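Worksheet for the structure shown next.
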Amino acid sequence: MAQGLCLLCALWLLGPAVPAAWALNLDAARLTFYSGPNGSHFGFSVDIHKDSLGSVAVVVGAPRTRARGQEETGAVFLCPWSAAGGSCSPLVFDLQDETRNASSQTFQVFKEKQGLGASVASWNDTIVACAPWQHWNVLEKTQEAEKTPVGGCFLAQLRSSGRKEYSPCRANTMSRVYKDRHFSEDKRYCEAGFSSVVTQDGELVLGAPGGYFFLGLLARARIADIVSSYRPATLLWNVPRQRFTFDSSDPELYDSYRGYAVAAGEFNGDPRTPEYVVGAPTWSWTLGAVEILDSHHQMLCRLHGEQMASYFGHSVAVTDVNGDGRHDLLVGAPLFMDSWADRKLAEVGRVYLFLQPPTPHMLGTPSLLLTGTQLYGRFGSAIAPLGDLNLDGYNDVAVAAPYGGSRGRGQVLLFLGQSEGLGARPSQVLDSPLHAGSGFGFSLRGAKDIDDNGYPDLVVGAYGAGKVVVYRAQPVVMATVQLLVKDALNPAEKRCTLPQSSTPVSCFSIQMCVGATGHNIPQKLRLNAELQLDRQKPRQGRRALLLDSQQAGTTLSLDLGGRHSPVCHRATAFLRDEAEFRDKLSPIVLSLNVSLPPMEAPDLVLHGDTHVQEQTRIILDCGEDDLCVPLLRLNASAAGAPLLIGAENLLEVRVAAANEGEGAYEAELAVQLPPGAHYVRALSDVPGLERLICNQKKENESRVVLCELGNPMGKDTRIGITMWVSVGDLEQAGQVMSFQLQVRSKNSQNPNSQAVLLQVPVRAEARVELRGSSFPASLVVSAEGDKEQSGLDSSAPRVEHTYELHNKGPGTVHGLRLDVHLPGQSQASDLLYILDVQPQRGLQCFPEPSPNPLKLNGRPPSASTAQFQSHHQRERRQAGPGQSVLVSCDSAPCTVVQCELQEMVRGQRAMVTVLVMLRLQGLRQGPLEQTVLQSRAWFNVSSLPYAVPALSLASGEAVVQTQLLRALEERAVPFWWVLVGALGGLLLLTLLVLAMWKVRPRRAGPASPWGPRATRPCLPGGSGPNLPRPRASLDVSRTNVKA
């Protein structure tokens, strides 16, 4: 039962293309809508009903409609045709559960959640409405058959108002019997009516994907036999000549859901008996298959899917698309996943067209693959033959993508039939007029004329919105257009003159003829005809103009007679002077476009030869044979190789082009760029024309740079060209980048040079740098501090050794390994105690032995404490001179830190920091005053993650050193040294005073101021000291002078 419900889930879950030059004739502007009850899934299935009296109605299934008692039974609605739409009325069926007693058994039918309307079909005056989840059970004493979804269909005979039922999988076999038979021929889970079709002869064919315990089966019976054998008084009766497909023990058929989709057609060359097309979307472990069975259920052909779980066989359709009188087959796989340009799988859906060959051989390889373009659009969920929609002699087809289009609102794409099969591109796209999630296109039905205008119409169901949309086909006008012009133009023959300037010009005549035919089109018809000269050139560069208007085009209004016989018109054009244009080789293309005036014929669609082209050419001066034959040569080389993955490569392509023959017209250098290459600029060595005119275009999905070389490129012309190309995205490029170069011309004979394939090697490289640093770079520690630090505590100095790796690119590296060696293993005798190893930015490190065995605080040093301070506040002297001693792994036990990094992209940095604490006791043991702590690190790269060779694998090493300087401390002076020094100083001062006293000058006694031994006093202004004298002495002196 759970598996049966999955079929309903799968059916409900299966859910813009570029239009052609002209669309098909479905009117997408004037639509007819029908609506059903909310939440009823109105539009889950549709059909067009035309009775024997010619009345038309749209049949719509709504499998989740609620009955009057609010139980969900489903319903089928009949919507009489009206262009304005209108209301729909449900067909009346007995929707009550039923119980009948027959002998010792009790039959039960359960119709709640039976899904009435999951599939509908119309034939003559009968409408078939199926309920695949209708349940059945048989009770017999203490046993039962089990309540299972056998499914069934209701038949409504509209003319007689009769109602019949058909449930081919009902049986009165008990569950124990099935178990004893190992569940052979077990039809209890049939879900008959999951799909249905009525043949032209009135045979009802039902798909039952749950039959034979989900192998699936096909049940068929003639409608006449169903009607004649129906017994309303009993729930179990026999229908004569009903047929079932066979059970099988083939493992490929287990859970294959045969009968998920059904169709009927002619495939064995015998028109007296139809063949049956059965879809099995999960055949062979979800590969999917479609089988064609004959009237005896013998398999004529089996077509299998190309991709697992694509649901190949979800939808099938039979019609003749190429007009050969033989039925062709279309198969939908709405879950098919296509490989897009970025190499990612995208679920878009696919439809397969199998054309029936003319010989009586079965179908083989699909003739055409139609692939969806919308992600999760479920293209191919429904396929409907449309009949000959535009009356061109070929049947057309509609394919739905119910979750495609704008915002997943749904789309229906129409494909034109033609002699080769179907057009590869849709001729018309119908976008959903409803909201997103409406499932627009989930059900389709066409090939019948609803509005009686002679053209088949299309009905589209949108169960998510509870609506049905009718698209009507418009009458088609088939145009026939003829355009005549002379083959060649001689510029030297100037037989006409311009009207205003009387300038002689070379002129030629143009003749246009237009006719139209069609079914149900007006007797009087007017067409617009637009003539364009030299259409392939821009307007300012056109080489031919009309003589009267001197314009490149004109529009004519042509009135066709009652028979729509062709109407002809003549015009005269002239060739412009050769000095006014460059292109002399390419043909002059004339085009004539025919269209309907939009205001005069809104209900018509124009098909046929609406656009025709003819061409003429200019006669050239190329010798007696009037044929220029160039001989073009090309050499090329590249500078800037090899190309590096991840780098901004600028490749310099050097080209030497030459013409050793006659003139090459519109010569150009063509450089085909590989993916990832982008044109920058190009220069030539021709004076005055150094900068080349180059343009990019697409050719066969490749980008080509075209650079003009001259028009013409004369004989013995040689041009040197340098082109710069930037190249990136090389990860998927392979080991070489290939550039194809060629010199081309528009000449008809020998127009091109030999193509040159320039291959530039692609390599990988990544430059990785390792740097180390110490923080602080040096430490000054005192000898007195050595004494006071007897062990490890918070006052002990700390040092960080940091190693940083930097990938400078351009590539990515894999398997990077870094080894760091530090002296010491945190032992009592070691100078270094390793506190912590701190990797950063993805680096994973494993030290040996483990750091910090004493679990000390590993706080890093700060700048303010970079110099270790002693407890005594005494100023230090400079460190004493002496040689340094190196403490490294060469002289001490070593701690090894092994670090790994799986991947390092360009620009990425990774580092590891080792925090250590100094044991100053170990430092005191050294005899010297300066010590150098040294660690060393090595790294290497194991590989680069690219498929191209690597230029080199990065490796390197770095050394980090920390200077430890020991200061020479002042010591305290003893007191007795001070006392002895003071006494010694006093004694020395006493001796000095005595010595000076001994050598002082001696005086003889008082003498006259003017005596021989007297010293003359120094007067002011003299050389002696300016000392004051007693005034009495001065007075005496003056007295003596007067005397």
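The numbers in the sequence shown follow the numbering used here, run straight up by one, and end at 1047. In this text, a Cβ means the ideal position worked out from N, Cα and C, and glycines have one as well. For clarity, every value in this text was computed on a predicted model and none was experimentally measured.
Mind checking whether L636 and V485 have CB atoms under 8 angstroms apart? Here residue 636 corresponds to residue number 632 of the sequence shown, with the count starting at 1. Here residue 485 corresponds to residue number 481 of the sequence shown, with the count starting at 1. No; because the gap between Cβ atoms is not below 8 angstroms, this pair is not in contact.
Alpha carbons only, please: which of L57, A800, G206 is nearest the one belonging to I227? Residue numbering aside, residue 227 sits at position 223 when the sequence shown is read from its first letter. It is G206 whose Cα lies nearest to the Cα of I227.
From C898 to T806, what does the alpha carbon distance come to, in whole angstroms? Taking the sequence shown and counting its residues from 1, the one referred to as residue 898 is at position 894. Taking the sequence shown and counting its residues from 1, the one referred to as residue 806 is at position 802. Going by the C-alpha atoms only, they are around 17 angstroms apart.
Short check: CB of V113 to CB of V124, under 8 angstroms? Taking the sequence shown and counting its residues from 1, the one referred to as residue 113 is at position 109. Taking the sequence shown and counting its residues from 1, the one referred to as residue 124 is at position 120. Not a contact, by the Cβ cut-off of 8 angstroms.
Is it buried or exposed for T277, if we count other Cβ within 10 angstroms and need 16 for buried? The residue you call residue 277 lines up with position 273 of the sequence shown. So T277 counts as exposed.
Between V633 and the rest of its own chain, which residues show a CB-CB distance below 6 angstroms, the 5 nearest in sequence each way excluded? Position 629 of the sequence shown, counted from the start, is the residue given in the question as residue 633. For V633, where only same-chain residues beyond five positions count, the Cβ hits under 6 angstroms are G665, E666, Q753, N754.
Beta-carbon spacing of L562, A533 below 8 angstroms: Within the sequence shown, numbered from 1, the residue matching residue 562 stands at position 558. Within the sequence shown, numbered from 1, the residue matching residue 533 stands at position 529. Yes. Within cutoff.
Between A1018 and L990, what straight-line distance do the alpha-carbon atoms span, to the nearest angstrom? Counted from its first residue, the sequence shown places residue 1018 at position 1014. Counted from its first residue, the sequence shown places residue 990 at position 986. The predicted position of A1018 is uncertain, since its pLDDT is 41 and thus under 50; no value can be drawn from it.
Around the Cβ of C572, are there at least 16 other Cβ atoms within 10 angstroms (buried) or fewer (exposed)? Against the sequence shown, residue 572 aligns to sequence position 568. It is exposed - the Cβ of C572 has fewer than 16 other Cβ atoms within 10 Å.
Count the other C-beta atoms from every protein chain shown that fall within 10 angstroms of the C-beta of F250, then say buried if there are 16 or more, exposed otherwise. Against the sequence shown, residue 250 aligns to sequence position 246. Exposed: under 16 other Cβ atoms inside 10 Å.
Please confirm whether E150 and R104 have their CB atoms less than 8 angstroms apart. What you label residue 150 is simply residue 146 of the sequence shown in a count that begins at 1. What you label residue 104 is simply residue 100 of the sequence shown in a count that begins at 1. No. Outside cutoff.
Buried or exposed for M303, going by 16 or more other Cβ atoms inside 10 Å? For the purposes of this step, residue 303 is taken as the residue at position 299 of the sequence shown. Per the 10 Å Cβ criterion, exposed.
With burial defined as no fewer than 16 other Cβ atoms inside 10 Å of the residue's Cβ, what is the status of R923: buried or exposed? Here residue 923 is taken as the residue at index 919 of the sequence shown, counted from 1. With 16 or more other Cβ atoms within 10 Å, it is buried.
When the distance is taken between beta carbons, is G450 closer than 8 angstroms to D461? On the sequence shown, residue 461 is found 457 positions in, with the first residue counted as 1. On the sequence shown, residue 450 is found 446 positions in, with the first residue counted as 1. Yes, the pair counts as a contact, with Cβ atoms nearer than the cut-off.
Can you tell me whether L596 is helix, strand or coil according to DSSP? The count along the sequence shown starts at 1 and reaches residue 596 at position 592. Three-state DSSP puts L596 in a strand.
Tell me the rounded alpha-carbon separation between P949 and E961. The count along the sequence shown starts at 1 and reaches residue 949 at position 945. The count along the sequence shown starts at 1 and reaches residue 961 at position 957. Answer to the nearest angstrom: the Cα atoms are 23 angstroms apart.
Are the CB atoms of G421 and V481 nearer to each other than 8 angstroms? Taking the sequence shown and counting its residues from 1, one reaches residue 421 at position 417. Taking the sequence shown and counting its residues from 1, one reaches residue 481 at position 477. Going by C-beta atoms, G421 is not nearer than 8 angstroms to V481.
Between E256 and G292, what straight-line distance do the alpha-carbon atoms span, to the nearest angstrom? Within the sequence shown, the letter at position 252 stands for residue 256. Within the sequence shown, the letter at position 288 stands for residue 292. Their backbone Cα atoms lie some 10 angstroms apart in a straight line.
Measuring CB atoms only, is the region 378-393 touching the region 283-291, in the sense that at least three cross pairs come out at less than 8 angstroms? no
Residue range of the beta strand (DSSP E) that R167 falls in? Residue 167 sits at position 163 when you count from the first residue of the sequence shown. Note, R167: beta strand (DSSP E), 166-170.
Nearest neighbour of V80, chosen from V60, L57, R34, C157 [CA to CA]: Mapped onto the sequence shown, residue 80 falls at position 76. Comparing Cα-Cα distances from V80 to each of V60, L57, R34, C157, the minimum goes to C157.
What residues in its chain sit with their C-beta under 6 angstroms from that of T614, if we drop five residues either side in the sequence? For the purposes of this step, residue 614 is taken as the residue at position 610 of the sequence shown. Within the same chain, T614 has close Cβ partners A483, V598.
What residue does the alpha helix (DSSP H) around M1000 start on, and which one ends it? Along the sequence shown, one-based indexing puts residue 1000 at 996. Its alpha helix (DSSP H) spans residues 979-1002.
Would you kindly report the start and end of the unbroken beta strand (DSSP E) that includes V731? On the sequence shown, position 727 is the one that residue 731 refers to. Element bounds for V731: 721-731.
Does the separation of the CB atoms of F111 and L221 fall below 8 angstroms? Numbered from its first residue, the sequence shown carries residue 111 at position 107. Numbered from its first residue, the sequence shown carries residue 221 at position 217. For F111 and L221, no; Cβs fall outside 8 angstroms.
Could you have a look at S288 and say whether DSSP puts it in helix, strand or coil? Taking the sequence shown and counting its residues from 1, the one referred to as residue 288 is at position 284. In the structure shown, S288 sits in a helix (DSSP, three-state: H, G or I).
In chain order, each beta strand (DSSP E) run of at least 3 residues that lies wholly inside the region 118-172: 123-127, 130-135, 139-144, 156-161, 166-170
Would you report the Cα separation of D342 and T375, rounded to the nearest angstrom? Along the sequence shown, read from residue 1 onward, the residue named residue 342 stands at position 338. Along the sequence shown, read from residue 1 onward, the residue named residue 375 stands at position 371. The straight-line gap from Cα to Cα measures roughly 8 angstroms.
DSSP three-state call for V181: helix, strand or coil? Residue 181 sits at position 177 when you count from the first residue of the sequence shown. Three-state DSSP puts V181 in a helix.
Please go through the same chain and pick out, in chain order, the residues whose beta-carbon is closer than 6 angstroms to the beta-carbon of S706, but skip the five residues on each side of it. For this step, residue 706 is matched to residue 702 along the sequence shown. Closer than 6 angstroms at Cβ, skipping near neighbours: Q676.
Whole angstroms are fine: how far does the CA of K859 sit from the CA of L826? Here residue 826 refers to the residue found at position 822 of the sequence shown. Here residue 859 refers to the residue found at position 855 of the sequence shown. Using only the alpha carbons, I get a separation of about 19 angstroms.
Taking 8 angstroms as the cut-off, decide whether the C-beta atoms of L357 and L372 are in contact. Locating residue 357 in the sequence shown gives position 353, counting from the first residue. Locating residue 372 in the sequence shown gives position 368, counting from the first residue. Yes, the Cβ-Cβ distance between L357 and L372 is below 8 angstroms.
Close beta carbons around V401, own chain, < 8 angstroms, minus the five adjacent residues each side: The residue given as residue 401 occupies position 397 in the sequence shown. So the qualifying residues of the chain are A321, T323, V325, L334, I387, A388, P389, L390, L418, F419, G421, L426.
Boundaries of the beta strand (DSSP E) in which V633 is found, first to last residue: For the purposes of this step, residue 633 is taken as the residue at position 629 of the sequence shown. Counting along the chain, V633 falls outside any beta strand (DSSP E), and DSSP gives it neither H nor E.
Spatial distance of L761 from G408 (CA atoms): Position 757 of the sequence shown, counted from the start, is the residue given in the question as residue 761. Position 404 of the sequence shown, counted from the start, is the residue given in the question as residue 408. Straight-line Cα distance between these residues: approximately 43 angstroms.
The region 455-470 in contact with the region 46-59 per 3-pair CB rule at 8 angstroms: yes
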